[in-house]
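Heads up: the sequence lines are chains A and B, in that order.
Note that our numbering gives residue 50 to position 13 of the first sequence, counting from 1, and the numbers run on in steps of one.
Note that our numbering gives residue 549 to position 96 of the second sequence, counting from 1, and the numbers run on in steps of one.
All C-beta atoms, glycine included, are put in the ideal place defined by N, C-alpha and C.
None of these values were measured; they are calculated from a predicted model.
One structure is given below, encoded as structure tokens.
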Amino acid sequence: MFRKKYIFFLLFYLALILFVATDAWLYQIPVARIQKVRTEESGVKSGARGEKEQYYEQTMEAKLLNGDQKGDKILLKNEYSASQVINQKYHKWDQVLVSLNGEGKTATIKTLKRDVYLAALFGLMVILLLLITKKQGVLTIATLVVNLGIYGAGFTLYLQGKDILKICNLMAILFMVTTLLFLNGFSRKTFAAVLSSFCVLALIMAIFFAVMNRVAEPDYSAMEYLGTIENPEDIFAAEVMLAGLGAIMDVAVTISAALSELLEKKPDLTFRSLFRSGREIGYDIMGTMISVLLFTFGSSLIPSFLIRMNNEVSFLTMVRLHIPLEIVEFLIESIGIVAAIPISILISSCLLRRRGRRSEAI
Amino acid sequence: MIWFLALILFVLLITVGGERGASAVLALCGNIGVLALTVLLLASGKPPLLIIPVAAVLISYLTLMKQNGSNLKTKTAFLTVAVVMAVLSVGICVGVWKTGSAGLNEIQAVQEDVQFYYTTDLVISMQQVAVGVVLLSALGAVMDTALSVTSAVYEVAVHRKDLDRSAYFRSGIEVGKEIIGTTVNTLVFAYLGESLMLFAYLEKNGYSPEMMLNSKVLFQNIAVMLLGITACLLSVPVAAYLVAWKVGQKGEEDK
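What follows is the structure, given as structure tokens:
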């Protein structure tokens, strides 16, 4: 019975990949499959640190997969360096999006068709999730889908010119309510977790705005994505608000669930002993949660560091000029995680203990 | 501004966490130090596939054994991280090669300084760097998951010494199920925040939905998130199996 279900999942997964791999007919942009590749060394340039960088030139024959010229052969050219910093090597069977030149005999590659790989990775994650966590996996996926829906709706509103900060406030509240409801069910401890997350979020945003307004405005133009956007402060504030939400909810839900479990076993626990157990649980998750954030933020900066440090920008200059906003974001989220511990203990023990007393009275 | 925030964090960690808050501060500084050293070595042209695994081992050692004490729980978690990362890195190598997603993405590559003033001939294999970036960004979450599973099963074993290995394994999986949901959310939101800027940027620069869907920048962001979640998922059965085996072994020795 269970076997059958897994075979069904696997077949569905393969069908999905097959569909996305052959979806060129859905594209407006011409898509071509590379059929023949000839790679030649095209020269050597002097690179960083006095070393030599080898360059290669690729001449490729490709077949168009969509549009009026479907089936036609076209010629593609590509140059790449051994390091592949801003260029890349193409392989036989790769599908690429192209723009046709002149009479349509040659074309320029715009980008590799990566939707297949996105689908494959996403499917793999979903299958593992269902395989390992079974029923909870379905709930996790449902949460994910609902949250992505909220996110999409919020982003559409932003594109229509609504104020990004107002949208984000609304989105953050919706995210908290739906996520915690899905994870915890409709109960008093869910209410406690939502309330705690909300308080922590309000606290860290207050700290954020207080610090940002008091100290000199950071230079947004040096930032990776923000440099060219019109209202960088607002977008950055929105990002700070959303990025730490998951971690804060994680702390809040862990503590409220654990305390309600404790109160169920021993309804007569005093506030002080509740607080002590809550702190004990808090210690355990605090350190690892902060390092989860450190590595998700930190490692994505590595390529940017490498290119600048090989162009006479020192490590310290990088830290001072190029990543201060990333550091601010990381610090704010970490403060949120730590502050979430006493706040959720306080709120959960107030809310949950009252229930205990009431049931005693009855 | 940064110093002020760092001070707030430091004071909070110490007041909320006491002695263990102090050790969390130390572990945090150690991890940042290792990351900085990794960047320095990579920038001087050392082979990424040698440097990054060494850094990952060092970080796991610091976070698991130094911060939480060297015992059966942390040693098993360490082993889990090593196994999961080794298996996953093979897949990531193939993936990076196949998807051409290494190097600077479309947005990083058109920054003014990169485009006009800098040499991009770094003589550093960006494909290897990309593999390392994926591994490092998943590392924190994998350590978290592995340690939660191993310490929970260890607690069970302390209270119920009479269970057999398959029972320990099952309780490990049960604990894993409980924590995966929130871990997935933590990772999703951490990347969702950043993607807000990304979409705003792409939209502003006239990317069509088709180009957005296939762009390197979107793939890099989503792939790192999905692979992080996948690594956490894989670490649940691996950690449960390893800790069940170790605890069972110890139980037999005690008899």
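Out of curiosity, what's the CA-to-CA distance linking G324 (chain A) and P67 (chain A)? For the purposes of this step, residue 324 (chain A) is identified with residue 287 of the first sequence, where counting begins at 1. For the purposes of this step, residue 67 (chain A) is identified with residue 30 of the first sequence, where counting begins at 1. Cα-Cα distance, rounded: 50 Å.
Min CB distance P690 (chain B) to chain A below 8 Å: Residue 690 (chain B) sits at position 237 when you count from the first residue of the second sequence. By this cut-off, P690 (chain B) is an interface position.
Name, going along the chain, the residues of the segment 151–167 of chain A whose beta-carbon falls closer than 8 Å to a beta-carbon of chain B. R151, D152, Y154, L155, L158, F159, L161, M162, L165 and L166
In the DSSP assignment, find the unbroken alpha helix (DSSP H) run with R357 (chain A) in it and report its ends. Position 320 of the first sequence, counting from 1, holds the residue named residue 357 (chain A). Unbroken run through R357 (chain A): none, as it is neither H nor E.
Enumerated in chain order, which unbroken segments of the alpha helix (DSSP H) with a length of 4 residues or greater are wholly contained in the segment 303–385 of chain A? 308–336 and 339–346
For the alpha helix (DSSP H) holding L503 (chain B), just list the boundary residues, first then last. In the second sequence, the residue the question calls residue 503 (chain B) occupies position 50. Note, L503 (chain B): alpha helix (DSSP H), P501 to S513.
Run through chain B and tell me which residues come within less than 7 Å of G324 (chain A), C-beta to C-beta. As a first step, residue 324 (chain A) must be located in the first sequence, where it is residue number 287. By Cβ distance, chain B contributes A477, A480 and Q520.
Decide if G191 (chain A) is buried, meaning its Cβ has at least 16 other Cβ atoms within 10 Å, or exposed. Here residue 191 (chain A) corresponds to residue number 154 of the first sequence, with the count starting at 1. When all chains shown are included, G191 (chain A) counts as buried.
For chain B, check one thing: does any of its Cβ atoms lie closer than 8 Å to the Cβ of V411 (chain A)? The structure shown does not extend to residue 411 (chain A), since chain A is modelled only from 38 through 399, so no value can be given for it.
Within 8 Å, strictly: CB atoms of M213 (chain A) and V231 (chain A): In the first sequence, residue 213 (chain A) corresponds to position 176, counting from 1. In the first sequence, residue 231 (chain A) corresponds to position 194, counting from 1. Going by C-beta atoms, M213 (chain A) is nearer than 8 Å to V231 (chain A).
By Cβ distance, which residues of its chain are closer than 8 Å to G108 (chain A), with the 5 residues on each side in sequence left out? Within the first sequence, residue 108 (chain A) is the residue found at index 71, counting from 1. Closer than 8 Å at Cβ, skipping near neighbours: K100 and L101.
Give me the Cα-Cα distance between L666 (chain B) and L47 (chain A), rounded to the nearest whole angstrom. Walking along the second sequence from the start, residue 666 (chain B) turns up at place 213. Walking along the first sequence from the start, residue 47 (chain A) turns up at place 10. Near 24 Å, if we compare the C-alpha coordinates of L47 (chain A) and L666 (chain B).
Counting pairs of beta carbons, one from the segment 457–464 of chain B and one from the segment 331–343 of chain A, are three or more of them closer than 8 Å? no
Specify the secondary structure class of I111 (chain A) as computed by DSSP and reduced to three states. Your numbering for residue 111 (chain A) matches position 74 in the first sequence. Note: I111 (chain A) maps to strand in three-state DSSP.
What residue does the alpha helix (DSSP H) around M97 (chain A) start on, and which one ends it? For this step, residue 97 (chain A) is matched to residue 60 along the first sequence. Looking at the DSSP string, M97 (chain A) is not in any alpha helix (DSSP H); the run it does join, the beta strand (DSSP E), is K89 to L101.
State the DSSP-derived secondary structure class of R395 (chain A), mapped to helix, strand or coil. As a working mapping, residue 395 (chain A) is identified with position 358 in the first sequence. Bear in mind that the predicted position of R395 (chain A) carries a pLDDT of just 48, short of 50, making it unreliable; the figure below should be weighed with that in mind. Correct three-state label for R395 (chain A): helix.
Where does T573 (chain B) sit, in a helix, a strand or coil, going by DSSP? Position 120 of the second sequence, counting from 1, holds the residue named residue 573 (chain B). Three-state DSSP puts T573 (chain B) in coil, outside helix and strand.
What's the C-alpha gap between D287 (chain A) and S136 (chain A)? Your numbering for residue 287 (chain A) matches position 250 in the first sequence. Your numbering for residue 136 (chain A) matches position 99 in the first sequence. When rounded, the distance between both Cα atoms is 46 Å.
Shortest alpha-carbon distance to V670 (chain B) belongs to which of B:T683, B:S688 and B:L655? By one-based count along the second sequence, residue 670 (chain B) stands at place 217. Minimum Cα distance to V670 (chain B) is reached at B:L655.
What residues in its chain sit with their C-beta under 7 Å from that of I164 (chain A), if we drop five residues either side in the sequence? Start at 1 with the first residue of the first sequence, and residue 164 (chain A) comes out as number 127. Result list for I164 (chain A): F46 and Y50, in chain order.
Test item: CB-CB of A229 (chain A) and I384 (chain A) under 8 Å: In the first sequence, counting from the first residue as 1, residue 229 (chain A) sits at position 192. In the first sequence, counting from the first residue as 1, residue 384 (chain A) sits at position 347. In this structure, I384 (chain A) lies closer than 8 Å to A229 (chain A) by Cβ.
Same chain only: Cβ atoms within 8 Å of C205 (chain A), ignoring 5 sequence neighbours per side: As a first step, residue 205 (chain A) must be located in the first sequence, where it is residue number 168. Here the set comprises G191, A274, A275, M278 and L279.
Could you tell me whether the Cβ of Y621 (chain B) comes closer than 8 Å to any Cβ of chain A? Sequence index remark: in the second sequence, residue 621 (chain B) carries index 168 (1-based). So, not an interface residue.
Using 8 Å as the limit for Cβ to Cβ distance, is R473 (chain B) near chain A? Residue mapping note: residue 473 (chain B) aligns to position 20 of the second sequence, counting from 1. Yes, its Cβ sits closer than 8 Å to a Cβ of chain A.
Which residues in chain B have a C-beta closer than 7 Å to the C-beta of P379 (chain A)? List them in chain order. Along the first sequence, one-based indexing puts residue 379 (chain A) at 342. In chain order: V469.
Amino acids of chain B, ordered along the chain, whose beta-carbon sits closer than 8 Å to that of D287 (chain A): As a working mapping, residue 287 (chain A) is identified with position 250 in the first sequence. Chain B residues near D287 (chain A): T635, T636, N638 and T639.
For A376 (chain A), I'd like the list of residues in its chain whose CB is within less than 8 Å of its CB, leaving aside the five on either flank, ordered along the chain. Working through the first sequence from its first residue, we reach residue 376 (chain A) at position 339. Excluding positions up to five away in sequence, the list reads V237, L240 and I241.
Does T529 (chain B) get closer than 8 Å to chain A when you measure Cβ to Cβ? On the second sequence, position 76 is the one that residue 529 (chain B) refers to. Answer no: the Cβ-Cβ gap between T529 (chain B) and chain A never drops below 8 Å.
Tell me which same chain residues have a C-beta within less than 8 Å of the C-beta of E397 (chain A), skipping the five on either side of it? In the first sequence, residue 397 (chain A) corresponds to position 360, counting from 1. Interpretation of E397 (chain A) is limited by its pLDDT of 45, a score under 50 that renders its predicted location unreliable; no figure is taken from the coordinates.
Below 8 Å, can you find three or more Cβ-Cβ pairs linking the segment 117–134 of chain A to the segment 147–155 of chain A? yes
Tell me the start and end of each unbroken alpha helix (DSSP H) in the segment 148–228 of chain A that is at least 4 residues and wholly inside, in chain order. 152–196 and 201–221
Between M213 (chain A) and chain B, is any beta-carbon pair separated by less than 8 Å? On the first sequence, residue 213 (chain A) is found 176 positions in, with the first residue counted as 1. No - not a single Cβ of chain B is within 8 Å of the one on M213 (chain A).
From Y571 (chain B) to L495 (chain B), what distance separates their C-alpha atoms? Here residue 571 (chain B) corresponds to residue number 118 of the second sequence, with the count starting at 1. Here residue 495 (chain B) corresponds to residue number 42 of the second sequence, with the count starting at 1. Taking the straight line from one Cα to the other gives about 18 Å.
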